[in-house]
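Some notes on the structure that comes next.
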Amino acid sequence: MMNDKEKAIRITKTFLEKNEIYKDYIVDSSNILERESLWYIPFKELNPDSNNFLVGAYNGIIVDKSSSDFLQPGSALSLDEWIYGFEIGIRGERYDLIIEKVIDFQKTLDILSKIGLSYVEIEIENGTEWKIPKNFKQKEIKSRLDKLPCKFKNQSFTYSINEFKKIRSERIFEYKLVTTENTDSSILGELLN
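In this note's numbering, the protein residues as written are 3 to 195.
Okay, structure coming up:
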């Protein structure tokens, strides 16, 4: 287990060295955050130029104390949301959502619809393969929930962290997230044929 702040700092320094965009950045040691399971290691520009402003990501990475996995949070969510997501296992990857037990059926349907679970249908037209993304409708979600455990494969939950917070705090359903087995990065959502 990596309780060592220095190791988290080394991981961050390696991240900075490997990314050309951060060549003039250093670890901001005075603003490091520690939580039970992670470190947030911020970095800052050595000579900031007010005319050159980077957008799209936080200047820092979240580092898991146990595995040394890390994630650079994007700007779409607050740092607290990213940290919460990281703590519950949402780390910017694609996952299979396995629903093991439903406690409140209607709330489960509502929140799964809100999350936007998706699938992809492949259609061939005039020799061209089209990957058509679609969202599961409540009827399709309900059909899956009728046979537990059920799985929704290859999903992205990065922008659903607040919904997962609600699922957990209100005990709407029990689930687990596993890294998806899908290796085709051009497909987001479950592949249906």
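Using N, Cα and C, we set each Cβ at its ideal position, and we do this for glycine too.
- Residue pairing of F154 in beta bridges, as defined by DSSP: L99.
- For S120, the uninterrupted beta strand (DSSP E) segment begins and ends at 120-127.
- At the C-beta level, K46 and D66 stay beyond 9 Å of one another.
- In the structure shown, the three-state DSSP call for A78 is coil.
- Distance from the CA atom of L147 to the CA atom of F138, rounded to whole angstroms, is 12 Å.
- Taking the C-beta atoms as reference points, I100 is found no nearer than 9 Å to Y24.
- Look at T130 here: in three-state DSSP terms it is strand.
- As DSSP reads the structure, Y86 sits in no beta bridge.
- A check of alpha carbon separations from S115 across I124, K141, R37 identifies K141 as the nearest.
- Collapsing the DSSP output to three states places K178 in a strand.
- Between K149 and N184, the C-beta gap is not smaller than 9 Å, which leaves the two residues out of contact.
- The bridge partners DSSP lists for Y24 come to none.
- Collapsing the DSSP output to three states places D66 in a strand.
- At least 9 Å separates the beta-carbon of L119 from that of R93.
- A check of alpha carbon separations from I134 across R12, E192, I85 identifies E192 as the nearest.
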